[in-house]
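Protein chains: 2
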Amino acid sequence: MKVLVADDDADLRELIAFTLTQAGYFVIKAGDGPAAVRLSQAETPDLVVLDVNMPGLSGFQVCEAIRRESRVPVMMLTVRGEEEDLVRALGLGADDYLTKPFSPRTLLARAAALLRRAGMDTAAPLTAGRVVLDLGEHTVAIDGGTAVRLTPLELRLLQMLVANAGRTVSSERLLVQVWGHKSGGDRQLLKQLVHRLRQKIETDPAAPALLRTAAAGYKLIVE
Amino acid sequence: MKVLVADDDADLRELIAFTLTQAGYFVIKAGDGPAAVRLSQAETPDLVVLDVNMPGLSGFQVCEAIRRESRVPVMMLTVRGEEEDLVRALGLGADDYLTKPFSPRTLLARAAALLRRAGMDTAAPLTAGRVVLDLGEHTVAIDGGTAVRLTPLELRLLQMLVANAGRTVSSERLLVQVWGHKSGGDRQLLKQLVHRLRQKIETDPAAPALLRTAAAGYKLIVE
DNA sequence: CGCGCATGTAACCGGTTTGTCACCGACCCG
DNA sequence: CGGGTCGGTGACAAACCGGTTACATGCGCG
Chain A
1 MKVLVADDDA
11 DLRELIAFTL
21 TQAGYFVIKA
31 GDGPAAVRLS
41 QAETPDLVVL
51 DVNMPGLSGF
61 QVCEAIRRES
71 RVPVMMLTVR
81 GEEEDLVRAL
91 GLGADDYLTK
101 PFSPRTLLAR
111 AAALLRRAGM
121 DTAAPLTAGR
131 VVLDLGEHTV
141 AIDGGTAVRL
151 TPLELRLLQM
161 LVANAGRTVS
171 SERLLVQVWG
181 HKSGGDRQLL
191 KQLVHRLRQK
201 IETDPAAPAL
211 LRTAAAGYKL
221 IVE
Chain B
224 MKVLVADDDA
234 DLRELIAFTL
244 TQAGYFVIKA
254 GDGPAAVRLS
264 QAETPDLVVL
274 DVNMPGLSGF
284 QVCEAIRRES
294 RVPVMMLTVR
304 GEEEDLVRAL
314 GLGADDYLTK
324 PFSPRTLLAR
334 AAALLRRAGM
344 DTAAPLTAGR
354 VVLDLGEHTV
364 AIDGGTAVRL
374 TPLELRLLQM
384 LVANAGRTVS
394 SERLLVQVWG
404 HKSGGDRQLL
414 KQLVHRLRQK
424 IETDPAAPAL
434 LRTAAAGYKL
444 IVE
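Below, the structure written as structure tokens:
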């Protein structure tokens, strides 16, 4: 479940991202309006969290731009008491709003509600080939077998691979997406994580049938 | 790697072209909108850099026309502060934007990012003459034969030659593009790499039919 | 506190990839 | 003719890479 978080305030952005990540969402971050518009197109998130007050493009303009091409749920962040902001946001097609400050619990509850309403309920497991990934339960099942519990990092890795099932995902991309390392991350970490994940999902971890090493990265085999 | 640069301002156009050429790209130039549309069809570039403000067809219209038939990455050039231009550009399917003025470094970084993304996402292999190059899988197939695995360096070399199929690419350019050496060059490395690549793709490596030695460089033969 | 789990770090192995060297023959030119 | 340059070739060593084992750290929880 991908969520785009757009806020120019780095602290708040990271707080929101952290909260969502902990809850099992995959988070994409944008620090300004233009980046938010670009990423909403490039990454097709399932939910967008937008701060109203951003330099350059305001949250309103971003919302407008997104609505021109997609009906992805949008949650706006406003400051308390600015009622007209609220009216304007909802008028532009935003689906919900949160007044700052807010608690992480509230954020999660609203986000879950929006996703449920959009039919993107977290209860719906992702599936690709022989792999069935339950994001809500943090488990995988292979070929309809028993569910295996995954650690947060394993889950993110597998989620990335499932999202690109059949295609090679480069090590660099995986490092960025799973750990958030900006560049030149530690390949050793990826090596380890793949190894541990294989122990859990492969029938013979020494001869991987699902999670295969490919040119400059890894890929999930379908059929 | 072919890049189409469309800008009616000759100075800026040449500056961009120069920057990209130095970095090892093969650049095609267009001075107005209609030329840009025509060249984007005729030359099938891997990236298009479009100025928003052009007489005749504006950058928006050109972008629209290109999007009607291709998903090639498009980078728009806008003037700072024209936020609605930005929204409009991204809405039309542009993949990125640069606000003028910008530094050559920024241009190169963004261009590289776009190409990387496109190269990852498209399973569509490059093809030139008898050569079919699959960037995602790091393989080549000659005349539809079996795919041969390439090492990273071999892949970069062949990619460079395919991008300039039929034309001679100087040893100097190849050294810069493949190894990132700034200048001067270790010709021995190139000699070896060409040798190793020929072993993989030529039916008779002693009498090269595809990767021929040309004046001060190499070229890929196309029929 | 100490236990177990998730994660990070280090070291080793075997295979691949790449860099380096030495030599060959072709060609050019004084 | 003889030296010089250049591209092609084979051999070898260094560096690198992925898989693996082992161990350290850090954290929550009883």
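From first to last, the protein sequence lines are chains A and B.
With our numbering, the residue at position 158 of the first sequence is 158, and numbering never jumps.
Position in the second sequence (first residue = 1) + 223 = our numbering.
Note that CB positions come from ideal geometry on N, CA and C, so glycine has one too.
| Check | Outcome |
| --- | --- |
| For Arg80/A and Val162/A, what's the separation of their Cα atoms in angstroms? | 40 Å |
| For the region 5-17 of chain A against the region 47-58 of chain A, do three or more pairs of beta-carbon atoms, one drawn from each stretch, fall closer than 8 Å, so that the two count as touching? | yes |
| Mind the definition here: the region 148-161 of chain A touches the region 196-216 of chain A only if three or more C-beta pairs lie below 8 Å; say whether that holds. | yes |
| In whole angstroms, give me the CA-to-CA distance for Asp344/B and Thr362/B. | Its pLDDT being 49, under 50, Asp344/B is placed unreliably by the model, and the measurement read from it follows with that caveat. Going from the Cα of Asp344/B to the Cα of Thr362/B covers about 16 Å. |
| Locate the alpha helix (DSSP H) running through Gly440/B, then write down its first and last residues. | Looking at the DSSP string, Gly440/B is not in any alpha helix (DSSP H); the run it does join, the beta strand (DSSP E), is 440-443. |
| For Pro296/B, does the count of other Cβ atoms within 10 angstroms reach 16, so buried, or fall short, so exposed? | buried |
| Spell out whether any CB of chain A is found under 8 Å from the CB atom of Asp319/B. | yes |
| Show which residues of chain B have a CB atom less than 9 Å away from the CB atom of Arg67/A. | Here the premise fails: no neighbours, minimum Cβ distance about 10 Å. |
| Does chain A have any CB closer than 8 Å to the CB of Gly359/B? | yes |
| Short of 8 Å Cβ to Cβ, which residues in the region 202-221 of chain A face chain B? | Ala214, Ala215, Ala216 |
| Please check if any C-beta of chain B sits within less than 8 Å of the C-beta of Pro34/A. | yes |
| Do Thr301/B and Leu312/B come within 8 Å of each other at the CB atom, strictly closer than that value? | According to the sequence provided, residue 312/B is Ala. The question's Leu does not apply to it. Cβ atoms of Ala312/B and Thr301/B: closer than 8 Å. |
| Among Ala23/A, Lys2/A, Phe102/A, Met75/A, whose alpha-carbon lies nearest the alpha-carbon of Ala42/A? | Lys2/A |
| In terms of alpha-carbon separation, which member of Leu321/B, Tyr248/B, Asp234/B lies closest to Leu397/B? | Tyr248/B |
| Is the beta carbon of Thr391/B sitting closer than 8 Å to the one on Lys323/B? | no |
| Which runs of the beta strand (DSSP E), 3 residues or longer, sit entirely within the region 78-151 of chain A? | 96-100, 126-128, 131-134, 139-142 |
| What are the start and end residues of the alpha helix (DSSP H) that includes Thr244/B? | 233-245 |
| Can you tell me where the alpha helix (DSSP H) holding Leu398/B begins and where it ends? | 394-402 |
| Under a CB-based cut-off of 8 Å, is Arg167/A close to chain B? | yes |
| Residues of the region 35-50 of chain A in Cβ contact with chain B at a cutoff of 8 Å, in chain order, please. | Val37, Arg38, Gln41, Ala42 |
| What is the DSSP secondary structure of Leu433/B, reduced to helix, strand or coil? | coil |
| Have a look at the DSSP bridge pairing and note the partners of Met54/A. | BP columns for Met54/A are empty, so no partner. |
| Hey, Ser394/B and Ala439/B are a contact pair by Cβ (cut 8 Å); roughly how many whole angstroms apart? | 6 Å |
| Count the other CB atoms, across all protein chains shown, that sit within 10 Å of the CB of Pro152/A; report buried if there are 16 or more and exposed otherwise. | exposed |
| Using DSSP bridges, identify the partner residues of Phe249/B. | Lys225/B |
| Over what stretch of residues does the alpha helix (DSSP H) that includes Pro257/B continue unbroken? | 256-265 |
| DSSP beta-bridge partners for Leu47/A? | Val3/A |
| Comparing alpha-carbon positions, which option in Ser58/A, Arg68/A, Ser70/A lies nearest Met76/A? | Ser58/A |
| Would you report the Cα separation of Pro55/A and Gln61/A, rounded to the nearest angstrom? | 11 Å |
| Taking only three categories from DSSP, how would you classify Val74/A? | strand |
| Hey, could you find the ends of the alpha helix (DSSP H) Glu287/B is sitting in? | 282-290 |
| So, Leu157/A versus Leu193/A, is the Cβ gap smaller than 8 Å? | yes |
| Beta-carbon of Met343/B versus every beta-carbon of chain A: anything under 8 Å? | Bear in mind that the predicted position of Met343/B carries a pLDDT of just 47, short of 50, making it too unreliable to give a figure here. |
| Between Leu98/A and Leu107/A, is the Cβ-Cβ spacing less than 8 Å? | yes |
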